[in-house]
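Written below as C-alpha coordinates is the structure these notes are about.
Residue numbers (full-length UniProt numbering): 1 to 244.
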(Lines of atoms letter the chains of each structure in order from A; the text may use other names.)
(Lines give C-alpha, C1' and ligand atoms only; values in the text may rest on other atoms or scores of the structure.)
Protein backbone atom coordinates (compact mmCIF):
# COMPACT_ATOMS: atom_id res chain seq x y z
CA UNK A 1 0.00 0.00 0.00
CA UNK A 2 1.38 3.37 -1.00
CA UNK A 3 0.26 6.60 0.62
CA UNK A 4 1.03 9.68 -1.46
CA UNK A 5 0.34 13.14 -0.06
CA UNK A 6 -0.31 15.94 -2.53
CA UNK A 7 0.02 19.67 -2.04
CA UNK A 8 -2.97 21.24 -0.27
CA UNK A 9 -5.41 22.92 -2.61
CA UNK A 10 -7.14 25.12 -0.04
CA UNK A 11 -5.84 26.68 3.14
CA UNK A 12 -6.72 24.80 6.37
CA UNK A 13 -6.76 26.38 9.79
CA UNK A 14 -3.82 28.67 10.55
CA UNK A 15 -0.65 26.54 10.82
CA UNK A 16 0.57 28.55 13.80
CA UNK A 17 -2.64 27.85 15.72
CA UNK A 18 -3.22 24.26 14.55
CA UNK A 19 0.34 23.32 15.53
CA UNK A 20 -0.63 23.97 19.14
CA UNK A 21 -3.70 21.75 18.98
CA UNK A 22 -3.94 18.03 19.64
CA UNK A 23 -4.43 16.17 16.34
CA UNK A 24 -8.00 14.95 16.01
CA UNK A 25 -7.04 11.72 14.29
CA UNK A 26 -3.77 9.81 14.49
CA UNK A 27 -3.30 6.51 12.71
CA UNK A 28 0.17 5.20 13.53
CA UNK A 29 1.45 2.23 11.50
CA UNK A 30 -2.03 0.68 11.30
CA UNK A 31 -2.51 -2.43 9.21
CA UNK A 32 -5.23 -5.02 8.71
CA UNK A 33 -4.81 -8.66 7.82
CA UNK A 34 -7.23 -11.57 7.77
CA UNK A 35 -6.65 -15.29 8.06
CA UNK A 36 -7.32 -17.26 4.86
CA UNK A 37 -6.72 -20.94 5.31
CA UNK A 38 -2.99 -21.47 5.69
CA UNK A 39 -2.16 -17.89 4.72
CA UNK A 40 -3.33 -14.32 5.26
CA UNK A 41 -4.91 -11.53 3.25
CA UNK A 42 -3.49 -8.05 3.74
CA UNK A 43 -6.32 -5.57 3.36
CA UNK A 44 -4.16 -2.66 4.49
CA UNK A 45 -0.41 -2.42 4.82
CA UNK A 46 1.11 -0.32 7.65
CA UNK A 47 0.00 3.29 7.18
CA UNK A 48 0.32 6.51 9.14
CA UNK A 49 -1.94 9.55 8.87
CA UNK A 50 -2.41 12.59 11.11
CA UNK A 51 -5.44 14.88 10.66
CA UNK A 52 -5.56 18.22 12.45
CA UNK A 53 -8.61 20.22 13.57
CA UNK A 54 -9.92 22.34 10.71
CA UNK A 55 -8.59 19.97 8.05
CA UNK A 56 -10.45 18.04 5.34
CA UNK A 57 -8.40 15.15 3.98
CA UNK A 58 -9.44 13.14 0.94
CA UNK A 59 -8.46 9.49 0.61
CA UNK A 60 -8.38 8.70 -3.09
CA UNK A 61 -7.88 5.43 -4.92
CA UNK A 62 -9.48 2.81 -7.17
CA UNK A 63 -12.05 0.27 -6.03
CA UNK A 64 -10.55 -2.52 -3.95
CA UNK A 65 -7.49 -0.49 -2.99
CA UNK A 66 -8.15 -0.54 0.75
CA UNK A 67 -10.05 2.74 1.16
CA UNK A 68 -13.01 1.19 2.97
CA UNK A 69 -10.76 -0.71 5.37
CA UNK A 70 -8.84 2.49 6.05
CA UNK A 71 -12.03 4.42 6.78
CA UNK A 72 -13.44 1.67 8.99
CA UNK A 73 -10.31 1.72 11.14
CA UNK A 74 -10.36 5.54 11.31
CA UNK A 75 -14.02 5.39 12.35
CA UNK A 76 -13.47 2.90 15.18
CA UNK A 77 -15.61 0.36 13.31
CA UNK A 78 -12.74 -2.04 12.75
CA UNK A 79 -9.76 -2.74 14.97
CA UNK A 80 -6.39 -2.76 13.20
CA UNK A 81 -4.18 -5.83 13.28
CA UNK A 82 -1.19 -3.69 14.19
CA UNK A 83 -0.64 -0.05 15.04
CA UNK A 84 -2.39 2.57 17.13
CA UNK A 85 -5.49 4.72 16.58
CA UNK A 86 -6.07 7.91 18.57
CA UNK A 87 -9.16 10.09 18.17
CA UNK A 88 -9.44 13.34 20.13
CA UNK A 89 -6.53 12.16 22.26
CA UNK A 90 -8.18 8.83 23.16
CA UNK A 91 -6.20 5.68 22.45
CA UNK A 92 -8.86 3.35 21.05
CA UNK A 93 -6.87 0.26 21.96
CA UNK A 94 -7.65 1.13 25.59
CA UNK A 95 -11.40 0.93 24.94
CA UNK A 96 -13.33 -2.31 25.15
CA UNK A 97 -15.61 -3.44 22.34
CA UNK A 98 -18.55 -2.52 24.57
CA UNK A 99 -17.21 1.01 25.01
CA UNK A 100 -16.66 1.79 21.32
CA UNK A 101 -20.31 2.51 20.34
CA UNK A 102 -20.66 5.20 23.02
CA UNK A 103 -17.33 6.71 21.95
CA UNK A 104 -18.41 6.82 18.30
CA UNK A 105 -21.76 8.38 19.20
CA UNK A 106 -20.06 11.16 21.16
CA UNK A 107 -17.03 11.90 18.99
CA UNK A 108 -17.72 10.81 15.39
CA UNK A 109 -20.09 11.82 12.61
CA UNK A 110 -20.64 9.64 9.53
CA UNK A 111 -21.79 10.63 6.04
CA UNK A 112 -22.41 7.60 3.84
CA UNK A 113 -22.59 7.15 0.09
CA UNK A 114 -26.37 6.76 -0.10
CA UNK A 115 -27.08 9.21 2.75
CA UNK A 116 -28.57 6.23 4.65
CA UNK A 117 -31.60 8.19 5.86
CA UNK A 118 -34.41 6.36 7.64
CA UNK A 119 -37.34 6.35 5.20
CA UNK A 120 -40.13 6.77 7.79
CA UNK A 121 -38.54 9.76 9.58
CA UNK A 122 -38.84 13.31 8.26
CA UNK A 123 -35.83 15.61 7.96
CA UNK A 124 -36.16 17.09 11.46
CA UNK A 125 -36.57 13.64 13.00
CA UNK A 126 -33.48 12.34 11.19
CA UNK A 127 -31.46 14.92 13.12
CA UNK A 128 -33.09 14.62 16.56
CA UNK A 129 -32.68 10.83 16.52
CA UNK A 130 -28.93 11.16 17.15
CA UNK A 131 -29.14 13.03 20.50
CA UNK A 132 -32.12 10.85 21.47
CA UNK A 133 -29.91 7.77 21.14
CA UNK A 134 -27.31 9.53 23.28
CA UNK A 135 -29.91 10.23 25.97
CA UNK A 136 -29.69 14.01 25.63
CA UNK A 137 -32.40 16.59 26.33
CA UNK A 138 -35.07 16.67 23.63
CA UNK A 139 -35.65 20.42 23.77
CA UNK A 140 -31.98 21.24 23.23
CA UNK A 141 -31.84 18.71 20.41
CA UNK A 142 -34.81 20.27 18.63
CA UNK A 143 -33.27 23.73 18.89
CA UNK A 144 -29.94 22.47 17.57
CA UNK A 145 -31.72 20.70 14.71
CA UNK A 146 -33.54 23.89 13.74
CA UNK A 147 -30.28 25.84 13.74
CA UNK A 148 -28.55 23.27 11.53
CA UNK A 149 -31.49 23.09 9.13
CA UNK A 150 -31.44 26.85 8.76
CA UNK A 151 -27.66 26.91 8.36
CA UNK A 152 -27.74 24.27 5.62
CA UNK A 153 -30.75 25.72 3.82
CA UNK A 154 -33.11 22.90 4.76
CA UNK A 155 -35.68 24.66 6.97
CA UNK A 156 -38.40 24.46 4.32
CA UNK A 157 -37.78 20.71 4.02
CA UNK A 158 -37.96 19.96 7.75
CA UNK A 159 -41.23 18.01 7.47
CA UNK A 160 -40.35 16.22 4.23
CA UNK A 161 -39.49 12.54 4.11
CA UNK A 162 -36.40 11.24 2.25
CA UNK A 163 -38.33 10.14 -0.85
CA UNK A 164 -39.45 13.76 -1.35
CA UNK A 165 -35.87 15.08 -1.40
CA UNK A 166 -33.35 15.34 -4.20
CA UNK A 167 -30.05 13.47 -3.95
CA UNK A 168 -28.21 16.64 -3.00
CA UNK A 169 -30.76 17.48 -0.33
CA UNK A 170 -30.49 14.00 1.16
CA UNK A 171 -26.73 14.35 1.44
CA UNK A 172 -27.11 17.78 3.07
CA UNK A 173 -29.44 16.16 5.62
CA UNK A 174 -26.79 13.47 6.17
CA UNK A 175 -24.17 16.15 6.85
CA UNK A 176 -26.54 17.94 9.25
CA UNK A 177 -27.18 14.66 11.04
CA UNK A 178 -23.44 14.01 11.28
CA UNK A 179 -23.03 17.40 12.98
CA UNK A 180 -25.80 16.91 15.54
CA UNK A 181 -23.54 15.40 18.21
CA UNK A 182 -20.88 18.12 17.66
CA UNK A 183 -18.32 15.47 16.64
CA UNK A 184 -14.58 15.92 16.72
CA UNK A 185 -14.17 13.88 13.54
CA UNK A 186 -16.39 13.53 10.45
CA UNK A 187 -15.95 10.53 8.16
CA UNK A 188 -17.49 10.57 4.69
CA UNK A 189 -17.64 7.49 2.47
CA UNK A 190 -18.03 8.39 -1.23
CA UNK A 191 -20.55 11.19 -0.46
CA UNK A 192 -20.73 12.31 -4.12
CA UNK A 193 -21.04 8.87 -5.71
CA UNK A 194 -24.77 9.15 -6.47
CA UNK A 195 -24.72 12.85 -7.40
CA UNK A 196 -24.04 14.78 -10.58
CA UNK A 197 -20.98 17.04 -10.71
CA UNK A 198 -22.83 20.20 -9.61
CA UNK A 199 -24.60 18.61 -6.63
CA UNK A 200 -21.51 16.64 -5.68
CA UNK A 201 -19.43 19.76 -5.54
CA UNK A 202 -22.07 21.55 -3.47
CA UNK A 203 -22.01 18.74 -0.91
CA UNK A 204 -18.23 18.75 -0.54
CA UNK A 205 -18.15 22.56 -0.41
CA UNK A 206 -20.63 22.39 2.44
CA UNK A 207 -18.58 19.76 4.26
CA UNK A 208 -15.38 21.80 3.84
CA UNK A 209 -17.13 24.93 5.06
CA UNK A 210 -18.28 23.24 8.25
CA UNK A 211 -14.85 21.73 8.87
CA UNK A 212 -13.04 25.04 8.48
CA UNK A 213 -15.60 27.20 10.27
CA UNK A 214 -15.94 25.02 13.35
CA UNK A 215 -12.51 23.41 13.67
CA UNK A 216 -13.70 19.91 12.88
CA UNK A 217 -11.53 17.31 11.24
CA UNK A 218 -12.81 15.25 8.33
CA UNK A 219 -11.65 12.32 6.24
CA UNK A 220 -13.46 11.73 2.95
CA UNK A 221 -12.99 8.56 0.95
CA UNK A 222 -13.65 9.30 -2.70
CA UNK A 223 -12.71 8.40 -6.25
CA UNK A 224 -14.31 11.64 -7.52
CA UNK A 225 -11.37 13.72 -8.74
CA UNK A 226 -13.71 16.64 -9.52
CA UNK A 227 -13.87 17.61 -5.82
CA UNK A 228 -10.27 17.04 -4.73
CA UNK A 229 -9.39 20.73 -5.13
CA UNK A 230 -11.82 21.48 -2.27
CA UNK A 231 -9.75 19.41 0.16
CA UNK A 232 -6.77 20.54 2.20
CA UNK A 233 -4.83 17.36 1.46
CA UNK A 234 -5.23 14.37 -0.82
CA UNK A 235 -3.88 10.98 0.25
CA UNK A 236 -3.86 8.16 -2.31
CA UNK A 237 -4.12 4.48 -1.49
CA UNK A 238 -2.65 2.19 -4.14
CA UNK A 239 -2.57 -1.61 -3.91
CA UNK A 240 -3.60 -1.55 -0.28
CA UNK A 241 -5.46 -4.84 -0.58
CA UNK A 242 -3.07 -7.67 -1.41
CA UNK A 243 -3.27 -11.44 -1.21
CA UNK A 244 -0.25 -13.10 0.30
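We treat Cβ as the ideally placed atom computed from N, Cα and C, and that holds for glycine.
* In terms of residues, what are the limits of the beta strand (DSSP E) holding residue 25? -> Its beta strand (DSSP E) spans residues 25-36.
* Asked: Can you tell me the Cα-Cα spacing of residue 54 and residue 214, whole angstroms?
  -> 7 Å
* **Own chain residues within Cβ distance below 6 Å of residue 92, not counting five before or after** => 76, 85
* Distance, Cα to Cα, residue 100 vs residue 29? -> 21 Å
* Does DSSP put residue 224 in a helix, in a strand, or in coil? -> It is coil, neither helix nor strand.
* Determine the contact status of residue 207 and residue 176, defining contact as a CB-CB distance below 8 Å. => No, these two residues do not count as a Cβ contact at 8 Å.
* Would you mind reading off the limits of the alpha helix (DSSP H) that contains residue 141? => 138-151
* Quick one: grab the DSSP three-state call for residue 233. => strand
* Asked: Looking at C-alpha atoms only, which residue of 44, 48, 52, 104 is the closest neighbour of residue 68?
  -> Per the Cα distances, 44.
* Asked: In the DSSP assignment, what residue or residues form a beta bridge with residue 87?
  -> 25, 90
* To do: Please classify residue 72: is it buried, with 16 or more other beta-carbons within 10 angstroms of its beta-carbon, or exposed?
  => buried
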